[in-house]
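Here is the structure we will look at, set down as structure tokens.
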Amino acid sequence: MEQRALPMRLLRNRHFWLVLVLFVLLSLFHYVEQLGIGPSKAPSLHFGLTRHALDRILFLIPIVYSGFVFGLVAGLVTSFIALLVMLPRAIAISPAPGDALLEMFGVIVVGVLACLWIRKRSKEKEQLRKALDDLESAHRMLQRYVRSARSIERRLTTLNAISSVLTASLELQNVLQRAIHMVMELMDVEVALIFTLDEEAKELELVAHEGVSEEFAHAVNRMKVGEGFNGAVAQTGKPMIVEDVSRDPRLTRPEVRKMKTKSQLVVPLTVKEHTIGTLCVAMRRPRQFLQEEMELLTAVGNQIGVAVENARLYERERQTAERLRRSERDYRGLFENANDAIWVHDLQGNITTANKAAARLTGYDIAELLKMNAAGFLSDDAKSIAREARRRLMLGEPIGQPYDQQLIKKDGTMAILKLTSSLVTTDGRPTGFQHIARDVTEEKRMQDNLRYYLQQITRAQEEERKRIAREFHDETAQALYALTRQVDNFTRSSASLAPDHVSFLKSLENQINEVLRGVRRTSQALRPPMLDDLGLLATLRWLLDELGRQSGIEARLEVLGTERRFHPEVELTVFRIVQEALRNIERHSHASKASVTVEFKPDKTVFSVSDNGKGFDVSQSLSDLPRSGKLGLAGIEERVRLLGGTVKVNSEPGRGTTLTVETPI
């Protein structure tokens, strides 16, 4: 079919007819005397050439034109036809056959060379076009890299914000509603549901939702473990991706079908490898959830699981305390009805009176307590604390109250107390000591759990930052550098490039270099390698230099005392604190100057970050900052808490801000 169609295409091509007409005219002109059309013209009219030498040279016109329009093969075919046309005159008619043959073959050679040159130029143009297409494709790939990097940074920021919100409060419903809103933004979904597991009833209960009607929420409020997608995840403890919900046989409830979701991703809420619920996100239009999205949502689910468990512990503690308070109102007398343990002992430590709370706390009956000495349920360390408190009370010196104390119960277990002690006097003379104690063992354990999980989350974030920075440095940056070399080498080696093409390639090379510098800056901001190699102070100097170059803020570092290195994790935590503080200055303060002061003291280290910006009102507590959107300062407070230190913010509108961190390192 193609062979039959080729002649038809040639017959429809005006260039083919033009070549044919030129060939016919030149052939007639070449044999004009033999055809009897007219006499030969004088040599002077042929530009000094012999009559038929000019004829032969004119045959170059259809040969070159055919090669230019139809390609090398057409040019060679035209040359061969021209040879056949000129050959009879050169051999049989010309008075000088040798000269005629030489001229004829010279014309053919020139025509073939011209066709070859035209083909070479066409190939060069095709190669240039292909190279430009490849460069355009590389440019689009770079744009995808940049969008990917920005997306990763945004997800890390949102993940950190979720962590801050979840650890900022123990009010379960408030935490879950804020968390589910952030999950929808993080995953860019239309529906989000959180179920918690009632282990006694073996049922899942819907505790938070967004993107569905109240009718739907009521219909799926409770479901059995193993029922539906969420029930299956609660049973197996493994994430699940459902690409087409409408065709899945596990979908049994008609209310769920009415929601008309297409794709779902369900992950478990886990605490210490124990499933306590599920987190489900869904789309009403087709969407293929990726492995990275499943891993990200699983990490969020783990955080929510920890928050739910801590909130449950807090709620049980609160309910227990509430029950105790209600029961205490039935007692007679303030002493007997006190919720806190109260006991009094003389100067020798013999217990003279105790209430029921003291009996509950120690495990001894009141009758047993009245026969005991207070030193009987104190460890050696606790005795040292008690002696120091006794000395201060006897001398009338101030004592920080309540203070921490430890108590050994009757069963041998250790209880952590918040203890308030006072001196008992009779007629102005000291006769004993009264102690009011509250058991904070569970609270301490909850705080330790929160600190542990926050530390794990922070470590996971730093590991993710380190991985991303390494990928940017080892893969993206190297690929970009190689691409710039290829562009440069192509520009240098292609001498025949047009000036506008060279200008375009130079501009593209500059854009690639700019993206490469941005990737390197992002990599260093995620995890500066000099922090491990040169230490904290050198990295802070680099950070301040970067702040000055990028935002024009005049920044300086002041070091007081004898410099010393810290543990790598401590240096990383301090660096993140200062980095977040400087980021807040750059984004919000409108400052022209900033300073970081590091003061090394024998028993502690003080870090201060100051600016001359617009300041703000710090009347609210730092723990309330996440609710007002100030997640940066809340994150700083959490990191300082990991170091066992304290943070203080001094700021007034129009007078700048100073952030001071004291750490016992």
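Count along the sequence shown from 1, add 222, and you get the number used in the working numbering. For each residue, glycine too, the CB sits at the ideal point set by N, CA and C. Just so we're clear, the structure is a prediction, and the values are computed from it rather than from any experiment.
query, result
"Cβ-Cβ distance between Phe-417 and Gly-523 below 8 Å", "no"
"Counterpart residues of Gly-876 in DSSP-defined beta bridges", "For Gly-876, which the question treats as bridged, DSSP gives no partner whatsoever."
"Neighbourhood of Leu-240 by C-beta distance below 7 Å, restricted to the same chain and skipping five residues each side", "none"
"Sheet register partners of His-431 (DSSP bridge)", "Leu-415"
"Neighbour-count burial assignment, Val-243, 16 or more Cβ in a 10 Å radius", "exposed"
"Expected contact under 8 Å - CB spacing of Ala-803 and Leu-730 to nearest Å", "Actually they are not in contact, since the Cβ atoms of Ala-803 and Leu-730 sit about 39 Å apart, beyond 8 Å."
"Residue interval of the alpha helix (DSSP H) (run including Leu-240)", "236-252"
"Residue burial classification, Pro-620 (beta-carbon count within 10 angstroms, cutoff 16)", "exposed"
"Bounding residues of the alpha helix (DSSP H) (the contiguous stretch that carries Tyr-287)", "282-292"
"Beta-carbon proximity list for Phe-269, same chain, < 8 Å, skipping 5 on both sides", "The predicted position of Phe-269 is uncertain, since its pLDDT is 46 and thus under 50; a value taken from the coordinates is nonetheless stated next. The residues are Leu-276."
"As assigned by DSSP and simplified to three states, the class of Leu-881", "strand"
"Three-state class that DSSP yields for Lys-870 in the structure shown", "strand"
"Pairwise C-alpha distance: Arg-707 and Ala-720", "20 Å"
"Alpha carbon of Met-223 to alpha carbon of Ala-296, nearest angstrom", "With a pLDDT of only 48 at Met-223, under 50, the local geometry of the prediction cannot be trusted, and no value is derived from it."
"Leu-519 and Leu-491 closer than 8 Å at C-beta", "no"
"Spatially closest choice to Arg-778 from Thr-784, Lys-632, Leu-769, Glu-785, by CA coordinates", "Leu-769"
"As assigned by DSSP and simplified to three states, the class of Ser-359", "helix"
"Buried versus exposed, by CB contacts within 10 Å (16 or more), Ile-313", "exposed"
"Contacts around Ser-773, its chain only, beta-carbon distance under 7 Å, and the 5 residues preceding and following it disregarded", "Glu-808"
"Buried versus exposed, by CB contacts within 10 Å (16 or more), Met-616", "exposed"
"First through last residue of the alpha helix (DSSP H) which encompasses Gly-453", "450-458"
"For Val-792, the first and last residue of its enclosing alpha helix (DSSP H)", "790-806"
"Any 3 or more C-beta pairs closer than 8 Å across the stretch 430-438 and the stretch 398-410", "yes"
"One or two residues paired with Asn-561 in a DSSP bridge", "Note: Asn-561 sits in no beta bridge, so no partner."
"Three-way DSSP call (helix, strand, coil) for Ala-777 in this model", "strand"
"Under the three-state DSSP convention, the category Val-831 falls into", "strand"
"Pro-657, DSSP secondary structure in three states", "Contrary to the premise, residue 657 reads as His rather than Pro in this sequence. His-657 falls in the strand class under three-state DSSP."
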